[in-house]
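Everything below concerns the one structure shown next.
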Amino acid sequence: MDRARAARRAALAAAGVQLLHLAPAAVRLPPLRRTVARPLAGYGADPRHIALTFDDGPDPRSTPYILDALDRLGIRATFFLLGAMLERAPALGRELTDRGHEAAVHGWHHRPQWYPAPARDLRELRRATEAVADLCGARPRWYRPPYGVLTAGPALAARRLGLRPVLWTAWGRDWTEQATGDSVYATARPGLTGGATLLLHDSDCTSAPDSWRATLAALPLIATHCRTRSLTLGPLRHHALA
Ligand SMILES: [Zn+2]
Numbered sequence: 065m066d067r068a069r070a071a072r073r074a075a076l077a078a079a080g081v082q083l084l085h086l087a088p089a090a091v092r093l094p095p096l097r098r099t100v101a102r103p104l105a106g107y108g109a110d111p112r113h114i115a116l117t118f119d120d121g122p123d124p125r126s127t128p129y130i131l132d133a134l135d136r137l138g139i140r141a142t143f144f145l146l147g148a149m150l151e152r153a154p155a156l157g158r159e160l161t162d163r164g165h166e167a168a169v170h171g172w173h174h175r176p177q178w179y180p181a182p183a184r185d186l187r188e189l190r191r192a193t194e195a196v197a198d199l200c201g202a203r204p205r206w207y208r209p210p211y212g213v214l215t216a217g218p219a220l221a222a223r224r225l226g227l228r229p230v231l232w233t234a235w236g237r238d239w240t241e242q243a244t245g246d247s248v249y250a251t252a253r254p255g256l257t258g259g260a261t262l263l264l265h266d267s268d269c270t271s272a273p274d275s276w277r278a279t280l281a282a283l284p285l286i287a288t289h290c291r292t293r294s295l296t297l298g299p300l301r302h303h304a305l306a
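The structure is reproduced here in structure tokens:
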């Protein structure tokens, strides 16, 4: 595929994922998930591995509970951090990597970047990347744009900063007010197949208040599901993305 076609396809993919996030009920999820999200999220991944990813933290109100649950389950994950959140809880960023998890970049603020502002995009993404590197103690490799909207400015900024954009292939809709552990697991379940990238949230800063409790309750169910199918849950660094 030539570069222009690839760029167009990436833009369409980003637009499709945005629609899924903002209006999932209006979109037929399975076909889009297969054709749109997969090239950016799961293609080339280890067929016995599922990448477990959390967005929007670190949050002192919720992330410690998620970390404790992951310890109990013996699972490591990738956390896409917001610079603005990390600045308020720097020790939690370090704790996350000290406990074996992977820190990645979700941006500085949580907002879709619809309008071209390449200088601002680069400035904000660099600031977030440096905050993650400095405060978590490891240079991040992955970037997930807020709402899955990967427009040209952030895409170019990510490339300049050596970050690889990663979206997802499965989610638990854990950001909604109605979410429960059972509903998060039931929603994620069809997508919990080898090579998947699962999106969850360790903070409710952009979600319904306390929705992280549903995420927390879903973790043992998701872990059991994977264990009984001989699938390994782990961070993106073990996912062997092509
Ligand atoms: Zn987010």
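All letters in the sequence shown, in the order written, are residues 65 to 306 by our numbering. Where is the CB? At the ideal position from N, CA and C, for every residue including glycine. None of the values given here were measured: they were computed from a predicted structure.
Where residue i falls: helix, strand or coil (DSSP)
i      : result
LEU280 : helix
GLU188 : helix
HIS170 : strand
ARG163 : coil
ASP238 : coil
ASP132 : helix
ASP119 : strand
Nearest-angstrom Cβ-Cβ length linking residue i and residue j, presumed shorter than 8 Å
i      : j      : result
ALA192 : VAL169 : 5 Å
ASP274 : THR127 : Actually they are not in contact, since the Cβ atoms of ASP274 and THR127 sit about 14 Å apart, beyond 8 Å.
ALA250 : ALA234 : Incorrect: roughly 12 Å between the Cβ atoms, too far for contact.
LEU145 : PRO284 : Between PRO284 and LEU145 the Cβ distance is about 24 Å, and since that is not below 8 Å, they are no contact.
TRP206 : LEU300 : 6 Å
ILE114 : LEU263 : In fact, because the Cβ distance is near 11 Å, the residues do not count as touching under 8 Å.
Residue i to residue j span [Cα, whole Å]
i      : j      : result
LEU256 : GLY217 : 32 Å
ASP135 : ASP123 : 17 Å
HIS85  : TYR211 : With a pLDDT of 38 at HIS85, under the threshold of 50, the modelled position of this residue cannot be trusted, and the question is left open.
ARG175 : SER271 : 13 Å
ALA202 : ALA167 : 7 Å
ILE286 : ALA222 : 31 Å
ALA153 : ARG125 : 10 Å
GLY171 : GLY164 : 22 Å
CB contact check: residue i to chain D, cutoff 8 Å
i      : result
ALA243 : Reference to chain D is not applicable here, since this structure consists of a single protein chain.
- Query: Closer than 6 Å from C-beta to any heavy atom of ligand 1: which residues, in chain order?
  - Reply: Ordered along the chain, the selected set is ASP119, ASP120, HIS170, HIS174, PRO210 and THR270.
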